[in-house]
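**Student:**
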Amino acid sequence: MAFTLPKLAYDYKALEPYIDAQTMEIHYSKHHQAYVTNVNNAIAGKPEDTMSLEDILKNISKQPPVVRNNAGGVFNHNLFWTVMKPNGGGEPSGALADAIKSTFGSVADFKTKFAEAGATRFGSGWAWLCVTGGKLAICSTPNQDNPLMDISECKGTPILGLDVWEHAYYLKYQNRRPEYITNFWNVINWDEVAKRLDNAK
Ligand SMILES: [Fe+2]
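Numbering follows this note's numbering, with no gaps: position 160 of the sequence shown is 238.
1) In this structure, does DSSP put Pro-170 in helix, strand or coil?
2) Kindly examine ligand 1 and report whether one of its heavy atoms sits closer than 7 Å to the Cβ of Asp-241.
3) Does the beta-carbon of Ala-205, which I'm using as the reference point, lie nearer than 7 Å to any heavy atom of ligand 1?
4) Check whether the Cβ atoms of Phe-192 and Ile-216 sit closer than 8 Å, and answer yes or no.
5) Going by beta carbon distance, what residues of the same chain come within less than 7 Å of Phe-182, once the five residues before and after it are set aside?
6) Is Ala-122 near ligand 1, going by C-beta to nearest heavy atom under 7 Å?
7) Of all the options Met-102, Ala-80, Leu-275, which has the alpha carbon lying nearest to the alpha carbon of Tyr-88?
8) Sorted by chain position, which residues of the same chain lie with C-beta nearer than 7 Å to Asn-118's C-beta, five sequence neighbours on each side aside?
9) Are the beta-carbon atoms belonging to Asn-224 and Ser-202 less than 8 Å from one another?
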């Protein structure tokens, strides 16, 4: 198997009350697992079987929809679990805080713009904070697309991603996506975002 489901660094109930245990369990063990299984099946016996996920995504225009959707789903969820943690939240610090403030004015302004990107994504998709040409940028993508894909309207290295598919919040929040996004700030893992910013530069 080319790809495997990465271990979660916390248990299903660890992000309560902001993200409920049942949503976490289904999201990780069913949805994420399905993306892993489906992409592995789609690339079995093909050259992609030995390629890195990033290399597949960077050349996704050459792939059929089944690979685009499921390889994207694997990458996006791999990232998503790491940018959250129990007792997360608070404020970013160091180079990440400096970059956010110089790009967006303040952390509060950044949060507003990022939340807007997630709230206004029609249907299913993701909100992203990316490094593009050495600078930070906010954007969103539909379905399981992401900024690494060569077909993406917003290209860059994602350092923060928020899943705004209904499967990420519907059990607890129903149609209240903005409330889910507001609560996401209570579980964000700024250290991981800072690390990814460092690696992207
Ligand atoms: Fe998801």
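Every residue, glycine too, gets a C-beta built ideally from N, C-alpha and C. These numbers come from a predicted model, not from an experiment.
**Tutor:** Quick look at the numbers:
1) Coil.
2) yes
3) no
4) yes
5) Phe-188, Lys-191
6) In this structure, Ala-122 has its beta carbon at no less than 7 Å from each heavy atom of ligand 1.
7) Met-102
8) Contacts found: Met-79, Ala-80, Phe-81.
9) no
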